[in-house]
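Step one of this worksheet: look at the structure below.
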Amino acid sequence: MRDMHCHILPGVDDGAADLEESLAMVEAARGAGVDEVVCTPHCRDPYFDWDAMWAAYNLLCDHVSDMPIRMGFEVNHTKLMELGYEWIDHLAFADTDEFLLELDTRCHAHDFEQYKRTIFEIQGHGFQVIIAHPERYHAIQRDISLAYDLVDMGCVLQASTDFVAGGRFGDELKPAKRMLKEGLYTHFASDAHRVGHYDLFTRACQKFGKYL
Ligand SMILES: [Fe+2]
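Here is the structure:
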């Protein structure tokens, strides 16, 4: 199974602090049944640093020989607006047609008009848009029809498996369960920031994997 969203690169965001922790996370991923990792450091303030993130990716690759590791980014919508659409091609998963987009946690329904324009733009560049952890977004927690709109636009939805323990902000379990049961998700990803998050990945796959 591929883990398409994790903060496993050493020392570039709020994930793995150093190479030692990165390598421990790779082992934990393997133990959880992961056979391919996409590294998705935060493309948002205060972390985004293109050169440092690629350097961290190359460092990790130098130390891992038996797990395919691909470079990518978790692209925050606000940051993409700041960088400009010309960055789209550089922020997709390397050598794929996939693009991981993070919306703003405290979003409102009216923000989705701009989100949809951005999604059309990314799709126009030839990418499949993966929406990171919709269960975290306040507007979707209030109105699940917004998640249906994203799927209708051709997006795929990715749950971050810490939802099984309530989620990063504590309110994600209920909306995640509802979206799972309504068949809105396509992917689970660890969104791992440390080793222990792979235990939650395993739990979520065992308990809720049947809904994907
Ligand atoms: Fe993430």
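Residues in the sequence shown are numbered from 705 upward in steps of one, following the working numbering.
Ideal Cβ positions, reconstructed from N, Cα and C, are used throughout, including at glycine.
Residue i CB to nearest heavy atom of ligand 1 below 7 Å
{"i": "residue 895", "result": "yes"}
{"i": "residue 711", "result": "yes"}
{"i": "residue 836", "result": "yes"}
{"i": "residue 744", "result": "yes"}
{"i": "residue 839", "result": "no"}
{"i": "residue 725", "result": "no"}
DSSP-derived helix/strand/coil call for residue i
{"i": "residue 855", "result": "helix"}
{"i": "residue 864", "result": "strand"}
{"i": "residue 781", "result": "helix"}
{"i": "residue 841", "result": "coil"}
{"i": "residue 892", "result": "strand"}
{"i": "residue 814", "result": "helix"}
{"i": "residue 899", "result": "coil"}
{"i": "residue 836", "result": "strand"}
{"i": "residue 740", "result": "strand"}
{"i": "residue 821", "result": "helix"}
{"i": "residue 712", "result": "coil"}
{"i": "residue 805", "result": "strand"}
{"i": "residue 848", "result": "coil"}
{"i": "residue 767", "result": "helix"}
{"i": "residue 829", "result": "coil"}
{"i": "residue 793", "result": "helix"}
Rounded straight-line distance, which links the Cα of residue j to that of residue i
{"i": "residue 911", "j": "residue 879", "result": "16 Å"}
{"i": "residue 832", "j": "residue 772", "result": "21 Å"}
{"i": "residue 850", "j": "residue 825", "result": "19 Å"}
{"i": "residue 792", "j": "residue 709", "result": "17 Å"}
{"i": "residue 723", "j": "residue 713", "result": "8 Å"}
{"i": "residue 898", "j": "residue 780", "result": "20 Å"}
{"i": "residue 719", "j": "residue 823", "result": "26 Å"}
{"i": "residue 761", "j": "residue 775", "result": "7 Å"}
{"i": "residue 721", "j": "residue 767", "result": "16 Å"}
{"i": "residue 725", "j": "residue 844", "result": "33 Å"}
{"i": "residue 838", "j": "residue 807", "result": "8 Å"}
{"i": "residue 788", "j": "residue 747", "result": "13 Å"}
{"i": "residue 786", "j": "residue 909", "result": "36 Å"}
{"i": "residue 739", "j": "residue 750", "result": "30 Å"}
{"i": "residue 755", "j": "residue 863", "result": "28 Å"}
Beta-carbon proximity of residue i to residue j, cut-off 8 Å
{"i": "residue 778", "j": "residue 836", "result": "yes"}
{"i": "residue 821", "j": "residue 842", "result": "no"}
{"i": "residue 741", "j": "residue 733", "result": "yes"}
{"i": "residue 901", "j": "residue 866", "result": "yes"}
{"i": "residue 827", "j": "residue 858", "result": "yes"}
{"i": "residue 840", "j": "residue 882", "result": "no"}
{"i": "residue 805", "j": "residue 834", "result": "yes"}
{"i": "residue 736", "j": "residue 892", "result": "no"}
{"i": "residue 729", "j": "residue 896", "result": "yes"}
{"i": "residue 853", "j": "residue 816", "result": "yes"}
{"i": "residue 830", "j": "residue 801", "result": "yes"}
{"i": "residue 956", "j": "residue 794", "result": "Because the chain in this structure spans residues 705 to 916, residue 956 falls outside the shown range and cannot be described."}
Residue i beta carbon near ligand 2 (any heavy atom closer than 7 Å)
{"i": "residue 865", "result": "Ligand 2 is not part of the structure shown, which contains ligand 1 as its ligands."}
Close-in-space but distant-in-sequence residues of the same chain around residue i (CB under 7 Å, 5 per side omitted)
{"i": "residue 855", "result": "861 and 888"}
{"i": "residue 869", "result": "904"}
{"i": "residue 705", "result": "737, 738 and 739"}
{"i": "residue 752", "result": "746 and 783"}
Residue i at chain D interface by Cβ criterion, 8 Å
{"i": "residue 859", "result": "Among the protein chains of the structure shown there is no chain D, as only one such chain exists."}
Close-in-space but distant-in-sequence residues of the same chain around residue i (CB under 6 Å, 5 per side omitted)
{"i": "residue 915", "result": "884"}
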